[in-house]
Structure formats: C-alpha cells, structure tokens
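Below is one structure, written out as structure tokens, with a few remarks after it.
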Amino acid sequence: MKFHLVAHTHWDREWHKTRQEYRVMLIDFMDDLIGALKNDASYTSFMLDGQTIMIDDYLEIKPEQKGELARLVREGRIIAGPWYVQPDVNIPCGESLIRNLLIGRKMCKPYGKCMQVGYLPDSFGLSSTIVQVLKGFGIDSIVFYRGLYEKDTPYNEFVWRGIDGSSVLAIWMPIGYGNGMFLTSDLEKSMEILADNLNSMSSRTSGNNLLIMCGSDQCFTKKFLPGLCNELNKLQDGNLYKLSSLEEYIADVKAKKNQLTEVAGDLRYGKRSRTHISIGATRLDIKRRNFDIERKYTRILEPLCALVALHTGKYPAAMLDYGWKLITMNHAHDSICCVCTDAVHREMLMRMEHAGQVADTLIKDKASELFGMIKFNKNLGKPFIIFNSSLGNRSQVINADVFVKQGEFALLDSSGREIPYNILSTEKINLKDYRVVFGENPDDLYDKVTIQFPANIRGYGYTTYYVREGVAPGKDINIPGVKCSGNSMENDFVKVTVTENGTLEIEDKVNMKKYKGLHYFRDNGNAGDEYDYSPPYNDAEITTLGSRPTVKIKEKEITSMHATMEVDYVIDIPADCDNQARSKEFAKLPITTEISLDSESKLVRFKTKIRNNARNHRLQAVFDLRELCARQFADTQFGTMYRQDRPGVDRESEQGGWHERHYPIYSQQRYCGVLGPSGHGFVMFNKGLPQYEVLQDSTTRLCLTVLNSVSNMGNENLKYRPGRRSGAKCSTPDSMMLGDFEVEYAFLPVSETEDYNTYADFYANPVVVFSFPEVEYKGVLPDSRCYISCEDGLIVSAIKQREDGNGFILRVYNPYPFDILYARMEFNGAVFKKPYAVDLKEEPVGGLVIRTAGEKTGNGINCSGFDGTVMLPLIRHNSIITLSTESLESNRI
36 MKFHLVAHTH
46 WDREWHKTRQ
56 EYRVMLIDFM
66 DDLIGALKND
76 ASYTSFMLDG
86 QTIMIDDYLE
96 IKPEQKGELA
106 RLVREGRIIA
116 GPWYVQPDVN
126 IPCGESLIRN
136 LLIGRKMCKP
146 YGKCMQVGYL
156 PDSFGLSSTI
166 VQVLKGFGID
176 SIVFYRGLYE
186 KDTPYNEFVW
196 RGIDGSSVLA
206 IWMPIGYGNG
216 MFLTSDLEKS
226 MEILADNLNS
236 MSSRTSGNNL
246 LIMCGSDQCF
256 TKKFLPGLCN
266 ELNKLQDGNL
276 YKLSSLEEYI
286 ADVKAKKNQL
296 TEVAGDLRYG
306 KRSRTHISIG
316 ATRLDIKRRN
326 FDIERKYTRI
336 LEPLCALVAL
346 HTGKYPAAML
356 DYGWKLITMN
366 HAHDSICCVC
376 TDAVHREMLM
386 RMEHAGQVAD
396 TLIKDKASEL
406 FGMIKFNKNL
416 GKPFIIFNSS
426 LGNRSQVINA
436 DVFVKQGEFA
446 LLDSSGREIP
456 YNILSTEKIN
466 LKDYRVVFGE
476 NPDDLYDKVT
486 IQFPANIRGY
496 GYTTYYVREG
506 VAPGKDINIP
516 GVKCSGNSME
526 NDFVKVTVTE
536 NGTLEIEDKV
546 NMKKYKGLHY
556 FRDNGNAGDE
566 YDYSPPYNDA
576 EITTLGSRPT
586 VKIKEKEITS
596 MHATMEVDYV
606 IDIPADCDNQ
616 ARSKEFAKLP
626 ITTEISLDSE
636 SKLVRFKTKI
646 RNNARNHRLQ
656 AVFDLRELCA
666 RQFADTQFGT
676 MYRQDRPGVD
686 RESEQGGWHE
696 RHYPIYSQQR
706 YCGVLGPSGH
716 GFVMFNKGLP
726 QYEVLQDSTT
736 RLCLTVLNSV
746 SNMGNENLKY
756 RPGRRSGAKC
766 STPDSMMLGD
776 FEVEYAFLPV
786 SETEDYNTYA
796 DFYANPVVVF
806 SFPEVEYKGV
816 LPDSRCYISC
826 EDGLIVSAIK
836 QREDGNGFIL
846 RVYNPYPFDI
856 LYARMEFNGA
866 VFKKPYAVDL
876 KEEPVGGLVI
886 RTAGEKTGNG
896 INCSGFDGTV
906 MLPLIRHNSI
916 ITLSTESLES
926 NRI
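Structure, rendered in structure tokens:
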C-alpha cells in the first residue's frame, strides 16, 4: 500500500471567532510555515486548505513576505487554490461559485501555480451542479468529506456524475480531513494510527493508494513529517510512505478510474458525517441579503457596466473585483450557512452593505452615463429607460418614478404610441436639497410621480418611454383589468379566493384546474441550533387553519392593472422550547400576508410580514397539492433537478448509527415545485428562501421555511442529531430572529408542458427603471435598443467584461432537465463581432458549433459577414454555455 501523507491545515476564516481573532493566529501560522519550509528542503509541500484568501489576509499584515511566499508557491511547496474561500455549494448562486474560482485562479496566477483539485473538505453536503463548474475550469477531480451514502458505491473513489451529465473523479474521505492529525514524531504511535487507517479504509479502497490527511482545523505545520516518512520507509514493511499532495495522490488513483462505480445526484447523506441538511433556514435575513446582492451584481450592475463599456471601452473592473471579493468572503461554508457567532454575522452584514454601496454608486454613475449617450426624441417628451438583462422578451406591468413640473402628462412609447398608466403616488421634491454648492442654490421643484403601466421589453438592452407634460392622458385607451370582489381577485389567467380558514383557493383558468388548501402556516418547536432544525421530543404543532384571519382589499394598491389583498393572522404559540417540549407560556405571533396579482400574469405574489415574539421555533408556509405528487423538482444553481424521496434511507437513519437523521428537506435556488398524476401542479418561487420540505401522507404538501429561531450555535443530544453538539456552545441571540421579518415568494399553477423557468427568471430579476429629473438631448445611440435576445429559454448567468479585458462574456445555461435541440440567439450585428465558445476560464474550447446566417456548414468560413444571428445546436440539459465576443470599433463614442 502507498500511503500519501498530505500536510495541510483547514482554516476557518471566521466561525466561533471573528476574522480578526483568527487572523492573529494566521500570522503566526504562516510565519511558522514559511520558516519550516525554508529550513527543511525535504518538506516538499504543504496545502493551504484549497483556498487563497489566507494569502490575502496574511499579506495585508506582512506585505514584506510576498516575495518569499511567491517563491514557495511557484516551487509547489506551498499549494494554493483553486478557491478564493472554502465555499458552501448549496446556498450561493452558480455564478458566485464560478467567481470564487475565478478569483482564486487570478490570485494564484502571479505565483505561477494553482492546485487543480476541487477540494471541499468541510462543505455541508454537495450539490451535483458543482461537477460541471469544476469541469469548466479544467478540474476533473474532487476530494470531499461530507454527504456520501456509502451503500451507493463500494469504494471511497468513484465517478460522480453531475446534473448536466458531466463527471469527475470523486474521492471520499470517510474518516474526515484529519485522519492523520494525530501522527507524531513517535514512530510506534504513528504506526498505530496508520494501521488504524489501513484497517478502516482498505476494504473500500479501489487500488493500493491510501490518503492520510495530516492536519485539521487551524492546525500548524507538523515539522516532523519528512523525517517520519523516512523512518517508516526504513521498516521495509511492504508499504511506501510519501510526503505527498492531493494532485500526486489523484494521479495514482486515476490509473484505475475505469474500474470505478458511478454515483449521480446530490451528496447530502449524514450517516458517517453530518451534512446539516436543514442548515439553509438559519438567519434567513442574511440569506435574503445574499440573494439580493448576488442578483444586483450579476443581473444589474455587471450587465449595465458591460453595455456602457461596449461604447466607451471603460469598464470598472477593479471596483467590481473588489465588490465580488466582499460577496465571496461571505460564501465560506460556515459564514453563508450562518453557523457563526453573532459578531461574525454582523461583520457579514457589513460586507454586504459595503458591496451594496459599491454597486449602487456604480449603477447610478453608469445609468447617468448611458442616458448621456442616447439620442432621445425631444418631441415626445422627457424620457426614462427600462433596463433588462434577461434575453427573453417581457410583457409585464412596470412601476416607474417619473419627474414632472406640470400636473397632467401622457405616457408614450418610443414610436409615439400612447400607453395607459395609473398613478400610485405623488411626492414633492426640491432638487436644491440634493445639491452641495457654495453659493446660490435656488429652488428647483418637481413632482416625483410613481406610475404603473404595461410595458413591452425586448431582450438584453434598454427601452425608452416618454412623459409628455401638459397633455391629459387619453380617456379611450383600453386598459387591461384585475377584478376584485370581497375576498377574491382575478384576471384573465387566475382567480384567487381567501376562504374562511385563511387558506387560498386558486383557479388556473388556462389549464382549467382548481387548487384548494393553499397557503397556511405551521409552527413547530425547534430544539436544534444554527446547524440543524430538530423538534423537541414532545413537539406541539400549531397552524393558522383555525385562526379565522381578517381579509381586506388594500384600496391604495387597487388599480386597473394590479390588486393586493391583505390577510392578517394571529396565532398563540409557545414562547420557548427545550429539548423535551415546548413551553407552557405562550406568545402571540402576528402574521400579515399581502397577496398580489397583476393584470398580465398568472403569477400570484406573496409578501409576508412576521412579528416574532417567541424563541426556538420554526415557521413554514404550506401549499397542499391535495393529492400525492407524481414528481417533485427544484431549481439548483444551473437548472432543474427532479428529486425522489428515499423512504428506506429515511427509516434507516431513524434506526440509529447515523450522525443525523435524513428526511425530505432540501435546498433550492429560485423555486421548487410538485406535479400531480395528471401533470398539473404548481411551482413556488422565492427570494432568498433556500429551504423547502416535502410532507407526504395521503397528500403532498410543499412547505417553505419562512422563519427559523434558534438561541445557540450548537446543542447536543438532539432528536434529529444525536450525540455531541456541532460547533461551539455559545449563545446567539440574533439568530432567534426576534422582531419584524419580511419574506417574499410566489405561486404559479402549471401543467407539465409549461415553461416556468422564464417566470422564475423574471420574478428573481425584475427590470430596472432609470429616470432623471434633468435630461440632456445630446446622445447618438437609438432611444431603444436590444443587444442580445433569445426566445428559446436560455437563462443569463453573467454579462460582463472578460477577465483579461479583451472583450465581453455572455454566460447562459439551459435550465431544463431536457436537452434543447438548438437555440437561436440574436446578437445586435451593428454592435458585436461573431462570438465564440469559451470555458469558465474564458479560454476557447471546441465541441460547440456556432453557426451564423450565410455561413457554410462544416468549414466555418463566413461567406456573408456576421449578421447577428447565432445558432447553438444541442444544448445539453442543465448545462452552461459561455460565449466571448468583442464590440465593433464603430460603436465607440
């Protein structure tokens, strides 16, 4: 047997200590490591936990060590990368995982070496979407600890197939990332430890290579390891002992890769190690902030900066990189899962605040810059623009702020056609209050009017509408309507009725299907902690079904295009909970849900406000299918995953021997859904609610976790997680989520043939309106322009400048669990050169044939020039496509 002894540390940047508290230790650790490697040439390598942020944090304090550190990385003696931080791979969006690797690679580039192993030692279960992310960076192996159900494969080495069909060599560390942690310079003791490892793992080892991870949490350099290997090899016991690296170990394992079994799907089983499958519900306020800032960067800020840079050549790459670093710092596994101290969580919120300040400032600046480049039609009035980063066409109701000095005005599109609108509110503003001047500052009064109107927006680009002041709006314009009556509202697509017990009845007029028993709340005790939900041994579930809520129509939000009903519930729930039972004292839990409907959509929107007065409990919004589902599914980072419950595994986990109970509670990105035997069902969209549960007995209920209250980082002897606590024993008052909290989600009735992904994209990424009180009419660009469009269902992941600055990146993905035979994309031929396919490293790749109109098949010779039309044949299910292009010089302004 060949023993690969890998020297490493696992460095939690923040957890039960803050970043700065851990950094004090990090400086000593790095000084010690550099000194050890300088003093012992036989110490061939040490792995920095697969992340590069340790280098950032060290050099901020000791910049004078950069040269020595660079030399050691270049020589392969300090192994850095590929990640920037050790991430959770369930909660961050897919583009965030890509940026994590891009930043890690960029940091390694000056040093000349970056580890090419997808090392994820401590992530709490693995989403199968990570497979194609790694493959996109040329990484074909992964080493991990948590999540494998060992009955799925006889070996610790296996082929893991991802959601898109791609695969990597996977290495499971069944004893963890510290199975060599207690090796010492004492030869006999070390021999015992290695013998224990051999006995534990040899039966599940496919070849003759054994991985010994010589380190653990915040572990310093074991300086005796080279000497220990020498002493062990002198024994001549038939084994080889080598101070090795993951890359060396994997190279040896690959020799027998073709003999390995294959495992598909997520790795989320907690038999041998805890995966904390309910961790997604902790600190939902932070999860929502993360959702918002990710989408602000990927779907507003970067696409807007890219659009402006197409014409100016100026892209704020450095500031965007800085913002992404702030976001990615929060994606470390302990951080974004929110299993830290309150102090750490407050620092996370501050990083999000800083990233938001960067984004908001750049958005304002770039929107103003774009305004100045557009040639508006002054004859039509004062312009405002709608910016869209989706590729599909949108027809929807839009709210916009416009600035007028005269009372009446008409609304026109860019062709001069009058558009109906409703006024939602009016506010007097004085521009002098926003100016900082040294001198005379006269009044400059405007009415800031919030209007609502139906808009048509085509693809990625901008669309202009005009406010013509001093003209009364037309009286004979046909306005689409939402009808309200008592406790119901409806449009041409759906009817929503609130019943006496507070549940909803929603009629899908398109598919002629009624759904009853929708949207009630269930509240359970939570004796768990930041890591896991766990009910007390004697739980008491309380619901809103008998609460007889009050229902009212919000008159201020009733227009011809939009309606909102407000449903108020108040339930009495136990004020607290321990591991045995919920308390006998009660507290009131007021819940107010606003249910909204637009005239041009079948999407039913919910905004729920909770005033939490109780501790240690969990609240879920429940949607009952009223029959057993035939299929359940959810959105992952790059597409739809069909999921099947495994009741046999669930029962096995309850019978003992597992580190935590396995049950049908899952992670999601933008949505989850169920379909009945007839092919009808519903999809639930969300904004920053990464967890749902499926309850099945005589019917299927889809439960969105909307509030989770816990008072400690770690508790022990839980019903769902027996034995030791996870994390530290410390109080986390902020994680009790006391006070007011608001969540958003939406309901879409569907048939199995309907496209719900476009709805999900539009819901998660609404268009943005840019409007300014003062406008100059000096630009040259057309007043409405589509840059890229596609009506074949592809979802945008990124629109940005290339990392090397030489062009632009469009990253899309097929969100469907089936292949798209071909997709037609329309690039604006007056703006772009012909795109070509690249990988996630943004390097050209083969295998994807891109054809344009007039281009001969087979030889790739363009016969008629690029006219903007691009055909992408056979886009695999749930797969990522990245295209690189450049702007024509004639576009520069």
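Numbered as in my numbering, the sequence shown ends at 928 without a single skipped number. Virtual Cβ for every residue (Gly too), placed ideally from N, Cα, C. Owing to the predicted nature of the structure, the values given are computational and were not obtained by experimental measurement.
Margin query: Please classify Ile392 as buried or exposed, where buried requires at least 16 neighbouring CB atoms within 10 angstroms.
Written below: Note that residue 392 is Gln in the sequence shown, not Ile. Its Cβ having fewer than 16 others within 10 Å, Gln392 is exposed.
Next item on the list: Taking all protein chains shown into account, decide if Lys306 is buried (16 or more other Cβ within 10 angstroms of its Cβ) or exposed.
Entry: buried
Notebook entry, point to check: Beta carbon of Phe422, beta carbon of Val168: below 8 Å?
Noted result: no
Notebook entry, point to check: Would Leu361 pass as a contact of Ile398 if the rule is Cβ separation under 8 Å?
Noted result: no
Next item on the list: Give the secondary structure of Ala974 by DSSP, where H, G and I count as helix, E and B as strand, and everything else as coil.
Entry: The requested residue 974 is not part of the displayed model; the chain covers only 36 to 928.
Item checked: Arg678 (DSSP reduced to helix, strand or coil) -> strand
Note to self: Judging by CA-CA distance, which residue of Leu104, Val533, Lys289 and Gly348 is the nearest neighbour of Thr585?
What the structure shows: Val533
Item checked: Residue from Val439, Ser241, Gln431 and Tyr495 whose Cα sits closest to the Cα of Ile335 -> Tyr495
Next item on the list: In the DSSP assignment, find the unbroken beta strand (DSSP E) run with Tyr568 in it and report its ends.
Entry: No beta strand (DSSP E) holds Tyr568; DSSP gives it neither H nor E.
Check: For the alpha helix (DSSP H) that contains Ile285, what are its first and last residues?
Finding: Leu281 to Val288
Item checked: Contact set for Phe259: own chain, Cβ-Cβ below 6 Å, skip 5 residues either direction -> Ser220
Next item on the list: May I have a chain-ordered list of the alpha helix (DSSP H) segments no shorter than 4 residues that lie completely inside the region 98-128?
Entry: 101-109
Next item on the list: Mind checking who Tyr332 pairs with in its DSSP beta bridge?
Entry: Note: Tyr332 sits in no beta bridge, so no partner.
Item checked: Beta-carbon proximity of Asp818 to Ser449, cut-off 8 Å -> yes
Margin query: Checking 8 Å against the spacing of the C-beta atoms, do Asp680 and Thr734 come in under that value?
Written below: no
Item checked: Straight-line gap, Gly895 to Ile885 (C-alpha atoms, nearest Å) -> For Gly895, the predicted model reports a pLDDT of 37, less than 50, meaning its position is unreliable; a value from the coordinates is still stated below. Looking at the two C-alpha atoms, the distance is approximately 9 Å.
Checklist line | Residue environment, Ala76, which counts as buried when at least 16 other CB atoms sit within 10 Å | finding: exposed
Check: Terminal residues of the continuous beta strand (DSSP E) containing Ser919?
Finding: Ile915 to Thr920
Check: Over what stretch of residues does the beta strand (DSSP E) that includes Glu504 continue unbroken?
Finding: Tyr495 to Glu504
Check: By Cβ distance below 6 Å, which residues in the same chain neighbour Ser158 in space, the five residues on each side in sequence not counted?
Finding: Asp123, Val124 and His368
Notebook entry, point to check: Excluding sequence positions up to five away, which residues of its chain have a Cβ less than 8 Å from the Cβ of Tyr332?
Noted result: Leu355, Gly358, Trp359, Ile362, Ala390 and Ala394
Notebook entry, point to check: Nearest to Thr675 by CA position, among Val531, Asn476 and Pro850, is which residue?
Noted result: Pro850
Check: How do the region 178-187 and the region 294-304 stand: do at least 3 beta-carbon pairs fall below 8 Å, yes or no?
Finding: yes
Check: If you follow the alpha helix (DSSP H) that Thr628 is part of, which residue opens it and which one closes it?
Finding: No alpha helix (DSSP H) holds Thr628; the beta strand (DSSP E) holding it covers Phe621 to Asp633.
Item checked: Straight-line gap, Pro870 to Ile138 (C-alpha atoms, nearest Å) -> 24 Å
Margin query: Can you look up Phe528 in the DSSP assignment and give me helix, strand or coil?
Written below: coil
Next item on the list: Quick one: give me the first and last residue of the beta strand (DSSP E) that Asn457 is part of.
Entry: Asn457 to Asn465
Checklist line | Under 8 Å between C-beta atoms of Ser806 and Ala490 | finding: no
Next item on the list: Can you check DSSP and say which residues form a bridge with Pro418?
Entry: Tyr501
Margin query: Going by the DSSP bridge assignment, what does Tyr604 pair with across the sheet?
Written below: Ile626
Margin query: Under 8 Å: do the region 406-416 and the region 481-489 share three or more Cβ pairs, one atom per stretch?
Written below: no
Next item on the list: Any chance you could list the beta strand (DSSP E) runs of at least 3 consecutive residues sitting entirely within the region 127-179, in chain order?
Entry: 153-155 and 176-179
Next item on the list: Give me the Cα-Cα distance between Glu576 and Pro508, rounded to the nearest whole angstrom.
Entry: 54 Å
Margin query: Rounded to the nearest angstrom, what separates Ile608 and Asn743 at their Cα positions?
Written below: 14 Å
Notebook entry, point to check: Taking C-beta to C-beta, are Ile830 and Asn792 nearer than 8 Å?
Noted result: yes
Next item on the list: Taking only runs that begin and end inside the region 830-870, name each unbroken beta strand (DSSP E) of 3 or more residues, in chain order.
Entry: 830-836, 843-848 and 855-862
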